[in-house]
Amino acid sequence: MSRPDAVSSSLSAYLVERARPLVASFDRDGLILAVDGEGAHYGLGADAEAALAGLADELLTGLPRTEPQFWPLIEFGQRAISAWWVPDDGGGHLVLADTHDGGRELRERQQAANELALAGVEKSRTIRELKKARAELEARTKALDEAQRFQRRLVDTLSHDLRTPLTSIMGYAGLLEPYLKDSTPLKRALGAIQRNAMYLKSLAENLLEMAGDAHGELVLSPRQFDLAALAVEIEDMIRPMTEGKGLALTIAAQSGVDRLPCFDDIKLRQILVNLLSNAVRYTRQGRISAELQYDGQRLSMVVADTGIGIAPEYQQRVFEPLNRGAQQGKDGAGLGLWIVRQLVQRMGGEISLQSVPGVGTRIAVSLPEAPAESPLERAAIAEEAPPVHLANRRVLVVDDDPDICQLLLWSLRETGYEPEALPDADEAVEHVRSDAPGMVIVDVELGTRSGLALTQELRLAGYKGTIVVFSGAVDTRIRQSAHRAGADAFLPKPLDLKRMLEWLRSQLPQGS
Amino acid sequence: MTELARKICLLGDFAVGKTSLVSRFVRNTFSEKYLTTVGVKVDSRALTLADGRALKLVVWDLAGKSELDSMNRSYIRGASGLMLVADGTREASLRAALYLWMQTQKQLPGVPVVMLVNKLDLVDRWEVSAADLERLQQSLPTFRTSAMSGEGVAEAFALIGERVAGVAP
Ligand SMILES: Nc1nc2c(ncn2[C@@H]2O[C@H](COP(=O)(O)OP(=O)(O)OP(=O)(O)O)[C@@H](O)[C@H]2O)c(=O)[nH]1
Ligand SMILES: [Mg+2]
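Written as structure tokens, this is what we have:
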């Protein structure tokens, strides 16, 4: 059906009005003949003819002027327009027409879509980069972890390996002591051996502490303990050092309350041993003293010496690690006071130092009492295990270090036991089954197997006698594991032979 | 009309810098702001060829698409050469440019083509590798350009100008 003429003409009038056509007519040489329409609507001014001639040239470059052309969407100035070329008698007409809103809507839609796509590209790039960065970071962290673990293992191994020979040195030196008369050169030599072994021992402890601390593993295990007994123990430990140098030593403990203090006594021991060995090292004559005082809330420990002292400018530096400048000319790894400060800080306490060069040094530590121990920790066996009654005097020592075996055999025999020694766990199980000794003493660090595995095995096999384990590792975890494995007593390395013998003596079967 | 004039078309994905390259070439200007091109924008500039002749290069800056649609097909009619544009920071845009080129082959067999890998000033964020560029270089003249700094722009247009001047319109 064809449209009635009247409809067609009003429709085209409407469309022409909306399209606002601009028509430029050209002759066969491409010269402009006439322009019809509102140039201003397309941003054209006085030079409209030249501009339209230029546009026609550009649009028709490469195209025959004898054919009609249509360009639906062209950016022209600020607008989007449609254009035609209508050939006419060798020349033709360039027709420009408005798109419905100057192309604004179309532009906005396209702009939004493109920007969204770009944002998507940017986003996935960022995610990719983040992933890469994270992978790199993880790799670096892993490498660092490995390096740290290796370092940790190195320090652990080193300090453990130091402890075993130290047990031999300190043990044999202790055994010699009663045979040497006072003030003989031999006795002095022995003192030097003991003193230096003691230095080595605290160095090993400090190394372990440092390795643990660097990994944030310093765990406090407070428990109730006897302050006076601690003082005696420390005095026993330090005495050989001071005697060798002719220094007076006093260690006093005082408690203002009936209750036993509750602190991590292993750490206390470490603090005291470090402070005292430091004092001994830097004192040539005079005396060393330690005063321990508990008032029911805080424990104060004051260690004083009449040593070379520390110049004011060095007083802060003595608490820094690996610092040797502070007390010049002296040997030592310079870890002691740093470790002390770390420990004191971890325990929530304070430390202060007063020193006058040539007169002496006084270091005061004050520690707040720790909250009560957990039941689990109370269950862990103390070094002073409760007395057990041995069925007989036969003792089996299981240790792969021949020097330590020899030392233990000797001391056990001296004390009245009938000891035997075996280097490995398998033989030990067999021996215990056939011989049923009253006590088995096991080194946790056996060559091929853990002494704790042996302990477990003995218990599983029905062994009811006393099992004592000793180890170079002294944290609470190993004590608890030892307890869980079925050990009755735990002794730290290096073995304190004197205390051990006393304990063994008290364990002897009654009436024999 | 005795003046030598040739039409070239810029093809490439959106926002790779086609309009910016034309602005740099024709008016020596640059804008950071992204204003997408709708349809086509036609511009021209006179060049002096190596043999001394003058050439009016008519540049059709087509709206960025990753495929050749029917409108763009009609717009490339009469073109004597193609300028493919990719954005060095978007590897996908390089593939888009090559795909567009492939789509023009039937309509414009054997016309001179140059490839512009743009945004050289952002080279530290480029995804397009030196190996990619080397491979490209083996199949078509390739320029690394920056519409922002102008680097490589004149050289690329000069080469396409020389090439299209020898082609009948
Ligand atoms: N840094 C940098 N930015 C550029 C360069 N070239 C273009 N741009 C930016 O990239 C964006 C897109 O540029 P346009 O020239 O509009 O891109 P187009 O290819 O014409 O995009 P369409 O018209 O949508 O196809 C704009 O923000 C420009 O400023 C360049 O060489 N370097
Ligand atoms: Mg554009």
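Order-wise, the sequence lines are chains A and B. Each residue of the first sequence is one higher than the one before, starting from 1 at the first, in the numbering used here. Each residue of the second sequence is one higher than the one before, starting from 1001 at the first, in the numbering used here. Glycine residues also receive a C-beta, built at the ideal position from the N, C-alpha and C atoms. From a predicted model like this one, the values you see are computed outputs, not experimental measurements.
Cα-Cα separation between residue i and residue j, rounded to whole angstroms
i	j	result
B:PHE1157	A:THR141	51 Å
A:GLU17	B:LEU1035	30 Å
B:ASP1069	A:GLU138	47 Å
A:LYS123	A:VAL95	45 Å
A:PRO222	A:TYR199	26 Å
A:ASP161	A:MET237	21 Å
A:LEU73	B:LEU1136	33 Å
A:GLU384	A:THR242	The predicted model places A:GLU384 with a pLDDT of 45, which falls under 50 and marks its position as unreliable; any figure quoted below should be read in that light. Rounded to whole angstroms, A:GLU384 to A:THR242 spans 26 Å at the Cα level.
A:ARG413	A:GLY171	15 Å
A:LYS493	A:LEU186	26 Å
B:PRO1100	B:GLY1064	Note on identity: in this sequence residue 1100 of chain B is Leu, with Pro being the wrong assignment. About 10 Å.
A:GLY77	A:ARG104	13 Å
A:ILE381	A:LEU166	Summary for A:ILE381: the model assigns pLDDT 37, below 50, so the residue's position carries little reliability; its value from the coordinates is reported in the next sentence. About 24 Å.
A:GLU49	A:ALA34	8 Å
B:LYS1119	A:PRO68	39 Å
A:TRP84	A:VAL23	10 Å
A:GLU513	A:ALA51	Nothing about residue 513 of chain A can be read from this structure; chain A reaches only from 1 to 512.
Test: residue i CB closer than 8 Å to a CB of chain A
i	result
B:GLY1081	no
B:MET1171	Residue 1171 of chain B is absent from the structure shown; chain B starts at 1001 and stops at 1169.
B:VAL1042	yes
B:GLY1078	yes
B:GLY1039	yes
B:ARG1006	yes
B:VAL1058	yes
C-beta neighbour in chain B for residue i, strict 8 Å
i	result
A:LEU96	no
A:GLU58	yes
A:VAL86	no
A:GLY103	yes
A:THR164	no
A:LEU52	no
A:ARG107	yes
A:LEU31	no
A:LEU63	yes
A:ALA24	no
A:ASP331	Bear in mind that the predicted position of A:ASP331 carries a pLDDT of just 49, short of 50, making it unreliable; the figure below should be weighed with that in mind. No, A:ASP331 does not count as interfacial toward chain B.
A:LEU118	yes
A:GLN110	yes
A:VAL340	no
A:ASN515	Since the displayed chain A opens at 1 and closes at 512, residue 515 of chain A lies outside it and no answer follows.
A:VAL155	no
A:ALA19	no
Run of the beta strand (DSSP E) containing residue i, from where it starts to where it stops
i	result
B:VAL1058	1054-1062
A:HIS93	91-98
B:ASN1118	1113-1118
A:GLN78	Careful: A:GLN78 lies outside any beta strand (DSSP E) and carries neither H nor E.
B:LYS1007	1005-1012
A:THR157	First-last for A:THR157: 104-176, but that is the alpha helix (DSSP H), not the beta strand (DSSP E).
A:ARG362	360-368
B:ASP1043	1040-1048
B:GLU1151	Element bounds for B:GLU1151: n/a, residue is neither H nor E.
A:GLN293	287-294
A:ALA253	248-255
A:GLY451	Here A:GLY451 belongs to no beta strand (DSSP E); instead the alpha helix (DSSP H) covers 451-460.
Residue interval of the alpha helix (DSSP H) (run including residue i)
i	result
A:PRO240	227-245
B:THR1019	1018-1027
A:GLU49	48-60
A:ASP265	265-281
A:ILE339	336-346
B:GLY1166	Here B:GLY1166 belongs to no alpha helix (DSSP H), and DSSP marks it neither H nor E.
A:GLU517	No information on residue 517 of chain A is available, as it lies outside the stretch 1 to 512 that chain A covers here.
Within-8 Å CB hit, residue i to chain D
i	result
A:VAL318	Structure shown: chain D not included; protein chains present are A and B.
Check: residue i C-beta below 7 Å from any heavy atom of ligand 3
i	result
B:TYR1099	What this structure holds is ligand 1 and ligand 2, not ligand 3.
8 Å contact criterion, which residue i and residue j should meet: CB distance rounded
i	j	result
A:ALA461	A:ARG433	7 Å
Quick one: which residues of the region 1102-1130 of chain B get their C-beta closer than 7 Å to a C-beta of chain A? List them in chain order. Contact residues of the region 1102-1130 of chain B toward chain A are absent (C-beta to C-beta distance below 7 Å).
Listed from N- to C-terminal order along the chain, which residues in the region 69-83 of chain A have their beta-carbon within a distance smaller than 8 Å of any beta-carbon of chain B? Of all residues in the region 69-83 of chain A, PHE70, TRP71, PRO72, LEU73, ILE74, GLU75 and ALA80 have a Cβ within less than 8 Å of some Cβ in chain B.
Check distances from the C-beta atoms of the region 1008-1037 of chain B to those of chain A and list, in chain order, the residues that come in under 8 Å. Residues are counted here when their Cβ sits less than 8 Å from a Cβ of chain A; for the region 1008-1037 of chain B these are PHE1014, ALA1015, TYR1034, LEU1035, THR1036 and THR1037, given in chain order.
Listed in chain order, which residues of the region 1086-1097 of chain B have Cβ atoms closer than 7 Å to some Cβ of chain A? From the region 1086-1097 of chain B, only ARG1090 have a Cβ closer than 7 Å to chain A.
Would you list, in chain order, the members of the region 188-210 of chain A that have their beta-carbon closer than 7 Å to a beta-carbon of chain B? Cβ contacts with chain B come from no residue of the region 188-210 of chain A.
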